[in-house]
Amino acid sequence: MLNYKLAVTTLMIALLAGCASNTVPDPDPADSTYDAAGSGADTDVYGDDPMGSGEALGDDYTAGELTNVIYFDFDSSEVRADFTDVVARHALILANDASIRVRLEGHADERGSREYNIGLGERRSQSVRRMLMIQGASASQIATVSFGEERPVALGSDEDSWAQNRRVEIKYTN
Amino acid sequence: MYRHAIILGFAAWLFSGNALGDITVEITKGGVARTPVAVVPFGWTGQGAEMPLDIAEVIAADLQRSGRFAPIPEENMLQKPTTGAELDFDDWSFVKAEAVVVGRVVQTGENAYDVSFQLFDVFRREQLVGYRIPASRGTMRIVAHRAADMIYEKLTGIKGVFATKVAFVTAEQRQEGRTYRLVVADQDGFNETVILQSEDPIMSPAWSPDSRRLAYVSFENDRSSVWVQTLRTGNRIQVSNKPGINGAPSFSPDGRQLVLTLGGIDGNLDIHVLDLSTRQTRRLTTHRAIDTEGSWSPDGRYIYFTSDRSGGPQVYRVPAAGGTPERVTFEGSYNARPRLSPDGKRLAMVHLDRGNYRIAVMEVRSKELLVVSAGQQDESPSFAPNSDTLIYATRQARNGVLETVTADGLIRQRVSSGQGDVREPVWSPFPRY
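Sequences listed follow chains L and G, in order.
Under my numbering, residues 1 to 174 are what the first sequence spells out, in order.
Under my numbering, residues 1001 to 1433 are what the second sequence spells out, in order.
Laid out in structure tokens, this is it:
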């Protein structure tokens, strides 16, 4: 199930990034192209191709083509390498329009203590928040909330379910 | 006598309500010899053929559930006396009863009754305790529990907790989402009362020391906030709604303050103390690690909490007046949600035990740690007010169910409710008399 989701996510990213492989953003958040995004020069990043993701996302950022869910490894709040470009795309959307607001909903798997898991979910939200802000989003655009283990998407007690529940959901609130 | 009537009446109107689904109890582990005891059916004088409630049945069930007694079946009783004067000790020695309870219910008014009972030591042939308690139809069950408490304490030297309550949270999966309920029930599962129902998560219930209020976390409007609700009136007040996380409330021993976890906009969870009358908060920890799950020591001097400042979660404590936190647990890689026993001698926590999250009890003085549960994902330990027993949540298939265990780990029982996923049980303090 997870592998399927990851595959779909990866496919989506590939599609969104356009046909040319060199348009996939560098996942390194320190990369200068992301500072450029902060100043609004997004089309330079993605090129002038009308099928390019920069334009398409700018017009239709809630269409669901760009995944809104970031998954995490066990006991980790670090954004995985396979999700850094997803976060980068959301950062670009926020950097391009200061009126856009998101809520980052952090979640944990069911193991361990509930209130501590609230802390783990919040740590994941903050990890995504920091990455968004480094790439040009402003603090006022981002709210965070942690549901800990209280709102699982997968109800099983197995590694597959736990992996699906360790996540941050990026929700556009306006 | 008069004092009992007032307080028992209070408890009854406080918690009266419709049962949603009665909780059944099964004993999963019993490691001690059970004392044979006879609870003889009570005599009845009043209107109608039967008394409003079978008092003897309630008392026998309480004693049985304690795991320390084996009530003698009614069919094995050679005589059924209702007063001490009618007792034939030889008959009870013959059926190997070590103690006998006799009693009667006398109707004294339209909705007024006198419940009296006597407990006898069969070997010594003497009365250990005897009481007469006024009751109404509404208070009769709690009166029976009070009688069981007195009998239990006389026979074991441990205060009974049969007249106490348990609060817990249930989550019911529906097609359109989940329904969360905050529930209060008698400790035997009767009189389930829904205190709050929500489509958003409810977490972390905590009793006030006078048992009249519950603090809890609600996620209504998609963010966390801390509430205090008065049980009798249903009145609820939002006491913390700051940016970021508002969580993990726990009352101070005097009931005037709440320890809680605040995260702020940057998400750094720290322990704070909220004065409920002034609404001022005082920050007790500042570490950038997760500091949460604070709870007071019974003497009010310390706040115990979970922190992962050393890497994984461990238990720390900080003086309630402020000061430097000190680490309390060192055994194992995961120790969280500390709760001290009311006598201050033991610390219960969630402990990672060879890949399983289990309940462990640590002797505060010797730091000796004992794992007392046997599940894979056990959580939320809470001591009974007598410090002898704990309640916690464990997993049965996909649903959470409740279990109790004695602090020595010898007697473990399952308390299962029919209402979906049951979690976060918290045992009430003793009712105040």
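Using N, Cα and C, we set each Cβ at its ideal position, and we do this for glycine too.
From a predicted model like this one, the values you see are computed outputs, not experimental measurements.
Taking the straight line between their C-alpha atoms, what separation do you get for Leu1262(G) and Arg1223(G)? As the crow flies, the alpha-carbon of Leu1262(G) is around 13 Å from that of Arg1223(G).
Under 6 Å Cβ to Cβ from Gly106(L), same chain only, skipping five residues before and after it: list those, please. Correct list, in chain order: Gly121, Glu122, Arg124, Ser125, Ser146 and Val168.
What are the residues of the stretch 1294-1310 of chain G that lie near chain L, defined by any Cβ-Cβ distance shorter than 7 Å? Listed in sequence order: Thr1306.
Should Arg1301(G) be labelled buried (16 or more other beta-carbon atoms within 10 Å of its own) or exposed? So Arg1301(G) counts as exposed.
Going along the chain, which residues of its own chain have a beta-carbon closer than 8 Å to the beta-carbon of Leu1170(G), five neighbours each way excluded? Residue 1170(G) is actually Thr in this sequence, not Leu. Result list for Thr1170(G): Tyr1180, Arg1181, Val1183, Ser1417, Gln1419, Gly1420, Asp1421, Val1422 and Arg1423, in chain order.
Three CB pairs or more closer than 8 Å across the stretch 102-117 of chain L and the stretch 1233-1244 of chain G: Flag = no, the stretch 102-117 of chain L and the stretch 1233-1244 of chain G do not touch.
Check the Cβ-Cβ distances between Thr1292(G) and every residue of chain L, and say whether any is below 7 Å. Yes, Thr1292(G) lies at the interface with chain L (some Cβ there is under 7 Å from its Cβ).
Quick one, which of Gly1157(G), Ser1218(G), Thr1139(G) and Tyr1392(G) has its alpha-carbon nearest Ala1163(G)'s? Ala1163(G) has its Cα closest to that of Thr1139(G), out of Gly1157(G), Ser1218(G), Thr1139(G) and Tyr1392(G).
Let me see if you follow: with CB-CB separation under 7 Å, is Gly1021(G) close to chain L or not? Reliability fails at Gly1021(G), whose pLDDT of 37 lies under 50, so the model's placement of it is uncertain and the value that follows must be treated cautiously. So, not an interface residue.
Helix, strand or coil for Gln1064(G) per DSSP? Helix, per DSSP.
Which residues of the stretch 1330-1362 of chain G have a Cβ closer than 7 Å to any Cβ of chain L? Give them in chain order. For the stretch 1330-1362 of chain G, the set of positions with a beta-carbon nearer than 7 Å to some beta-carbon of chain L reads Tyr1334, Ala1336, Arg1337, Val1350 and Tyr1357 in chain order.
Since Arg80(L) meets chain G, which of its residues come closer than 9 Å, beta carbon to beta carbon? Against chain G, a Cβ distance below 9 Å from Arg80(L) picks out nothing, because the smallest value is about 19 Å.
Are the C-beta atoms of Tyr71(L) and some chain G residue less than 7 Å apart? No, its Cβ sits nowhere closer than 7 Å to a Cβ of chain G.
Taking a contact to mean a Cβ-Cβ separation below 7 Å, would you say Leu1347(G) touches Val1364(G) in this structure? When the beta-carbon positions are compared, Leu1347(G) and Val1364(G) come within less than 7 Å of each other.
Residue from Gly119(L), Phe72(L), Val102(L) and Thr84(L) whose Cα sits closest to the Cα of Gln164(L): Among Gly119(L), Phe72(L), Val102(L) and Thr84(L), the Cα nearest to that of Gln164(L) belongs to Phe72(L).
Using a Cβ-Cβ cut-off of less than 8 Å, give me the residues of the stretch 110-137 of chain L that come near chain G, in sequence order. Taking 8 Å as the Cβ-Cβ cut-off against chain G, the residues of the stretch 110-137 of chain L that qualify are Glu110, Arg111, Gly112, Ser113, Arg114, Glu115, Tyr116, Ile118, Gly119, Leu120, Glu122, Arg123, Ser125, Gln126 and Arg129.
Beta-carbon proximity of Pro1205(G) to Phe1219(G), cut-off 7 Å: No, these two residues do not count as a Cβ contact at 7 Å.
Among the residues of its own chain, which have a CB less than 6 Å from the CB of Phe1089(G), if the five just before and after it don't count? Val1122 and Arg1125.
Compile a chain-ordered list of the residues in the stretch 1206-1217 of chain G whose CB is closer than 7 Å to at least one CB of chain L. Listed by position along the chain: nothing, the set is empty.
Between the Cα of Arg1398(G) and those of Ala1112(G), Pro1134(G), Asp1299(G) and Gln1376(G), spot the shortest distance and give me the residue it belongs to. Of the candidates Ala1112(G), Pro1134(G), Asp1299(G) and Gln1376(G), the one whose C-alpha sits nearest the C-alpha of Arg1398(G) is Gln1376(G).
Expressed to the nearest angstrom, what Euclidean distance is found between the alpha-carbon atoms of Pro1036(G) and Asp75(L)? Near 50 Å, if we compare the C-alpha coordinates of Asp75(L) and Pro1036(G).
Can you give me, in chain order, the residues of the stretch 1241-1255 of chain G that have a beta carbon less than 9 Å from any beta carbon in chain C? Of the protein chains in this structure, namely L and G, none is chain C.
Among Val1361(G), Leu1155(G) and Asn1386(G), nearest to Gly1409(G) - alpha-carbon criterion: Comparing Cα positions, the closest option is Val1361(G).
Find the residues of chain L that neighbour Pro1201(G), judging by a C-beta separation of less than 9 Å, and give them in chain order. Here the neighbours are Phe147, Gly148, Glu150 and Arg151.
Buried versus exposed, by CB contacts within 10 Å (16 or more), Pro1073(G): A residue is called buried once 16 or more other Cβ atoms fall within 10 Å of its Cβ, and Pro1073(G), having fewer, is exposed.
I want to know whether the stretch 1248-1257 of chain G touches the stretch 1283-1296 of chain G - three or more CB-CB distances under 8 Å. Yes, since at least three Cβ pairs between the stretch 1248-1257 of chain G and the stretch 1283-1296 of chain G fall closer than 8 Å, the two stretches touch.
Check whether the stretch 1308-1324 of chain G and the stretch 137-145 of chain L are in contact - that is, three or more C-beta pairs closer than 8 Å. The stretch 1308-1324 of chain G and the stretch 137-145 of chain L do not touch, with fewer than 3 CB-CB distances between them shorter than 8 Å.
Starting from Gly120(L), follow the beta strand (DSSP E) in both directions and report where the run begins and ends. Note that residue 120(L) is Leu in the sequence shown, not Gly. Counted as a single uninterrupted DSSP element, the stretch harbouring Leu120(L) is not any beta strand (DSSP E) but the alpha helix (DSSP H) occupying residues Arg114 to Ile134.
Here's the rule I'm using: 16 or more other beta-carbon atoms within 10 Å means buried, otherwise exposed. How should Gly1234(G) be labelled? A residue is called buried once 16 or more other Cβ atoms fall within 10 Å of its Cβ, and Gly1234(G), having fewer, is exposed.
I want to verify the contact list: residues of chain L whose CB lies under 8 Å from the CB of Arg1436(G), in sequence order. Past the edges of chain G, shown from 1001 to 1433, lies residue 1436(G), and the structure says nothing about it.
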